[in-house]
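Below is one structure, written out as C-alpha cells; comments come after it.
Numbering (the numbering used here), first residue to last: 11 to 228.
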C-alpha cells in the first residue's frame, strides 16, 4: 500500500513547490517529471514528498544542524523552522570561516547543514565540503547538485513554496523526533512560517504561474 503523502497533490500544486525553471541541469533530470509546452520544468511531486521525509529523518538524528540561506525570502521561514525544531541558522551573508576557521568568533561546528539554494549559498557549500559536513540542498531544476549529499527538489525562488516546504519539514522533523504523533498535534499553520510576508512573492523574474497552471499537467 502506497504511503500517504504529507499533503494532497492539489495542496502541493497550490504551494507552487513543483514549479521549476526553463533552465535544467543533468543532475536534476530525475526529479523532473514533465516539461510544459512553454519549456517550464515541473518537478515530481512524489519525489518532493519523499525527500522532505528523508530530510526530516536526517535532521532529527543530527545534533548540530545549521540551516543556511542568503535569500531574503527564506529568512523568516528559516527563523520559524529553527524556533520550532531547535536548530541553528545563518541567514544573510555567510562569512568565510564560519564552518572552517575555529578562531573566527562566529565559528560554528555542525554535523549537518541545509542550504536553500546551492548556487546562491556557494560559500557555505564550499566550506561544508572542506569541513566534511553533509549537506541537504533545496534544489530547483537549474541547480548543480555537485557536493549536495541529499537533494530536496523544490521551487526555491517563490515565497509560498519556501514557506510551505519549511512548514512541512518542521512538522516531519517534530514527528521524527517523537514530539508529535499526528498532523493535528502540530500547532503551527503555514502562515506562521511567513511572518507577514506576501505568499505570492518571488525573488526571481521567471517562474510558474500558480493560477494559470491548473490542469496544465494532467
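Ideal Cβ positions, reconstructed from N, Cα and C, are used throughout, including at glycine.
Measuring CA to CA, which of 34, 16, 13 is closest to residue 154? Residue 34 is the option with its Cα nearest to residue 154.
Reducing DSSP to helix, strand and coil, say where residue 220 ends up. Only weak support exists for where residue 220 lies, its pLDDT of 38 falling under 50; the value from the coordinates is given anyway. Coil at residue 220, not helix or strand.
Touch check for the stretch 187-202 and the stretch 100-107: three-plus C-beta pairs under 8 Å? no
If you reduce the DSSP assignment to three classes, tell me which class residue 79 lands in. strand
Are the stretch 120-133 and the stretch 22-39 touching, with three or more C-beta to C-beta distances below 8 Å? no
Pick helix, strand or coil for residue 169, following the three-state DSSP scheme. helix
Distance cutoff 8 Å, beta carbons only. Does residue 193 sit that close to anything in chain D? Protein chains in the displayed structure number just one, and chain D is not present.
Closest by C-alpha distance to residue 62, when choosing among 203, 106, 181: 181
One or two residues paired with residue 29 in a DSSP bridge: Answer by DSSP bridge pairing, in chain order: 52.
Could you pull the start and end residues of the alpha helix (DSSP H) that residue 132 belongs to? 132-141
Buried or exposed for residue 22, please, with buried defined as at least 16 other CB atoms from any protein chain shown within 10 angstroms of its CB. Buried, by the Cβ-count rule.
With a 10 Å radius around its C-beta and 16 neighbouring C-beta atoms as the bar for buried, classify residue 117 as buried or exposed. exposed
Alpha carbon of residue 24 to alpha carbon of residue 78, nearest angstrom: Going from the Cα of residue 24 to the Cα of residue 78 covers about 26 Å.
Output the boundary residues of the beta strand (DSSP E) element that contains residue 124. 122-125
Residues that residue 98 bridges to, as DSSP identifies them: Residue pairing for residue 98: DSSP places it in a beta bridge opposite 76.
Residue 16 versus residue 85 - alpha carbon distance: 23 Å
Return the CA-CA distance between residue 18 and residue 201, expressed in angstroms with no decimal places. 18 Å
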